[in-house]
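Count along the first sequence from 1, then add 9; that gives the number in this note's numbering. Ideal Cβ placement from N, Cα and C applies to all residues, glycine included.
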Amino acid sequence: MNNTAPFIPFDIKCYTKLHEKFEFLFEPELINEICHLGTLKKFEGGQVIMDINQQVTHIPLIVSGSVKIMTEDEEGHELLLYYLELGDTCAITLNCCTSSAKSAIRAVTEESTELLFIPVEQMDTWMTTYKKWRVFVLDSYNTRVMELLKAVDNLAFHNMDDRLKRYLKDKVWVSKSDELNITHYEIANDLNSSRVVISRLMKKLEKEGLIKQGRNRVKILNYTEW
DNA sequence: ACATTAAGTGATT
DNA sequence: AATCACTTAATGT
Numbered sequence: 010m011n012n013t014a015p016f017i018p019f020d021i022k023c024y025t026k027l028h029e030k031f032e033f034l035f036e037p038e039l040i041n042e043i044c045h046l047g048t049l050k051k052f053e054g055g056q057v058i059m060d061i062n063q064q065v066t067h068i069p070l071i072v073s074g075s076v077k078i079m080t081e082d083e084e085g086h087e088l089l090l091y092y093l094e095l096g097d098t099c100a101i102t103l104n105c106c107t108s109s110a111k112s113a114i115r116a117v118t119e120e121s122t123e124l125l126f127i128p129v130e131q132m133d134t135w136m137t138t139y140k141k142w143r144v145f146v147l148d149s150y151n152t153r154v155m156e157l158l159k160a161v162d163n164l165a166f167h168n169m170d171d172r173l174k175r176y177l178k179d180k181v182w183v184s185k186s187d188e189l190n191i192t193h194y195e196i197a198n199d200l201n202s203s204r205v206v207i208s209r210l211m212k213k214l215e216k217e218g219l220i221k222q223g224r225n226r227v228k229i230l231n232y233t234e235w
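In C-alpha cells form, the structure reads like this:
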C-alpha cells in the first residue's frame with residue numbers, strides 16, 4: 010500500500026465527475042486545468058455566495074444545483090433577474106472580474122448547490138489558449154444579456170398576475186418539481202411586490218384551478234399547459 | 001395553552 | 001397595485 014495515496018491533491022471522484030459534467034463544454038485539457046486551479050465549494054439553499062458591491066476575485070461555475078441572481082433598489086427591495094444552472098456562469102461577474110469592478114448583483118443559492126470557483130487570472134490566459142473557453146465566455150455573455158432583456162420585458166410589459174405566473178413557471182423549471190416549498194412573502198420579495206398582493210393573486214390562481222396551495226407550499230397543476 | 005408565523009380580506013389611496 | 005389594519009389558520013414550544 011502506497012502511503013502517499015491518501016494525500017492525492019484532489020478527489021478522484023470529483024475529478025471524473027467534472028469531466029462528465031463539462032465534456033460537452035470544454036476540451037479535456039481545459040477540464041484538467043479547471044480541476045487543478047478551481048476550488049469546489051458546496052452550499053446549502055438560501056446562502057448568499059456573492060453580494061452587491063463585493064469585490065469579485067473568482068468566477069463561479071455551477072456544477073450542480075441552481076443560483077438566483079438579483080438586484081436591489083435604494084430601499085433594499087430585491088428583484089429576481091434570472092437563474093443559473095449547470096454549466097452556467099454569471100456574465101455580469103465575468104465583466105466585473107476583468108475590470109476589477111465590484112459586483113452589481115447578489116447571488117443566492119436556490120437549493121443545495123456546488124460551485125467551482127476559478128481565479129480571475131485564469132480568464133485571460135484561457136481566453137487565448139482554449140477556443141472552447143472563448144466560446145463559452147462569449148456564449149454565456151450572450152445568454153445572460155438575453156435573460157436580462159427577458160426580465161426587463163417582463164417587468165415593463167406585463168402586469169402582476171402575468172409576472173407571477175411566469176415566476177411560478179420558472180421556479181418549477183429550475184427546481185424540477187411542481188411542488189414548491191415557498192411562502193407568499195418570498196414570492197413577493199422576488200417580484201419586488203408585497204405579500205398581500207401576491208396572496209390575492211395566488212387565491213385567484215387557485216380559484217382558476219391552476220394551482221393548489223397550503224402553508225409554505227404551492228403545487229402547480231398541469232404544468233404542461235402553462 | 002400560548003406565541004409565532006403564514007395566509008386571507010375589506011377598505012383606502 | 002400598494003398599504004393598513006385586522007382576522008383566521010397552521011405550526012412550534
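Residue i to residue j span [Cα, whole Å]
i: L90; j: G54; result: 18 Å
i: E42; j: E234; result: 44 Å
i: Y232; j: R226; result: 16 Å
i: P37; j: V65; result: 27 Å
i: L230; j: E188; result: 9 Å
i: S203; j: N168; result: 14 Å
i: L70; j: R209; result: 38 Å
i: L200; j: M132; result: 33 Å
i: L39; j: R115; result: 28 Å
i: E29; j: C105; result: 29 Å
i: L46; j: V183; result: 28 Å
i: T152; j: G218; result: 34 Å
i: V76; j: L164; result: 20 Å
i: V154; j: Q222; result: 34 Å
i: I207; j: L173; result: 8 Å
i: L88; j: K185; result: 22 Å
Local Cβ density within 10 Å of residue i, reported as buried at 16 or more and exposed below that
i: R143; result: exposed
i: K178; result: exposed
i: V146; result: buried
i: D162; result: exposed
i: T122; result: buried
i: T102; result: buried
i: F33; result: exposed
i: I17; result: Low per-residue confidence applies at I17: pLDDT is 43, beneath 50, and the placement is therefore not dependable enough to give any value.
i: T134; result: exposed
i: M211; result: buried
i: Y176; result: buried
Where the alpha helix (DSSP H) through residue i begins and ends
i: S186; result: Neither: S186 is in no alpha helix (DSSP H) and is coded neither H nor E.
i: I207; result: R204 to K216
Extent of the continuous beta strand (DSSP E) run through residue i
i: K51; result: T48 to F52
i: V65; result: V65 -> no beta strand (DSSP E), and no H or E assigned at all.
i: I196; result: No beta strand (DSSP E) holds I196; the alpha helix (DSSP H) holding it covers H193 to D199.
i: Q222; result: I220 to G223
i: T92; result: According to the sequence displayed, residue 92 carries Tyr and not Thr. First-last of the beta strand (DSSP E) with Y92: E87 to L93.
i: K228; result: R226 to I229
i: I78; result: V76 to E81
i: I58; result: V57 to M59
Handout entry: Stretch pair the stretch 121–140 + the stretch 80–88: three plus CB contacts closer than 8 Å
Key = no
Handout entry: the stretch 111–130 in contact with the stretch 61–77 per 3-pair CB rule at 8 Å
Key = yes
Exercise for the section: Would you check if there are 3 or more beta carbon pairs closer than 8 Å linking the stretch 116–129 to the stretch 159–175? Expected result: no
Practice task
Go through the stretch 115–150 residue by residue and report every complete run of the alpha helix (DSSP H) that reaches 4 residues or more, in order.
Solution key: 130–138
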